[in-house]
Structure formats: C-alpha cells, structure tokens
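Asks:
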Amino acid sequence: RGNASTDTKLQQLHEIASRCNAHTAGYIDTLILYVETDGLSNDFPVYVPESDLPY
Numbered sequence: 001r002g003n004a005s006t007d008t009k010l011q012q013l014h015e016i017a018s019r020c021n022a023h024t025a026g027y028i029d030t031l032i033l034y035v036e037t038d039g040l041s042n043d044f045p046v047y048v049p050e051s052d053l054p055y
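Here the sequence shown is numbered in full-length UniProt numbering, starting from 1 and rising by one per residue.
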C-alpha cells in the first residue's frame with residue numbers, strides 16, 4: 001500500500017476515520033488536512049495500518 005496514490009490514501013483515511021472514536025478520528029482528520037495541503041507529502045508515511053489504530 002506504500003505506493004498507493006494520494007487519492008487512494010485519502011480515501012483509506014476517510015474510511016478509517018469514519019469507524020474510529022472521536023479522538024482518533026480527529027487525529028486522522030489532521031493527517032488528511034496535511035496531505036491535502038501537501039504539508040507532509042514526502043516526510044510522513046500517510047497510510048496507517050488499521051492494526052496500529054486504537055479501536
């Protein structure tokens with residue numbers, strides 16, 4: 001998944017955020033904002049495995 005396009009990563013983040021508690025969803029929303037503004041385009045792994053999220 002590391003080579004997924006930005007659009008695909010954003011879709012994954014939105015899907016994950018919709019299933020998270022408010023705190024985690026807020027964190028993911030921050031990631032989405034950074035991605036959409038290219039703030040972390042090259043220095044941060046955008047995809048977060050679901051197993052790493054605190055469900």
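Note that CB positions come from ideal geometry on N, CA and C, so glycine has one too.
Determine the extent of the alpha helix (DSSP H) in which Glu-50 is found, giving its start and end residues.
Replies: Glu-50 -> no alpha helix (DSSP H), and no H or E assigned at all.
Asks: Using the rule of at least 16 other Cβ atoms within 10 Å of the residue's Cβ for burial, across every protein chain shown, is Leu-13 buried or exposed?
Replies: Label assigned to Leu-13: buried.
Asks: Between Glu-50, Leu-33, Asn-21, which has its C-alpha nearest Leu-10's C-alpha?
Replies: Measuring from the Cα of Leu-10, the nearest candidate turns out to be Leu-33.
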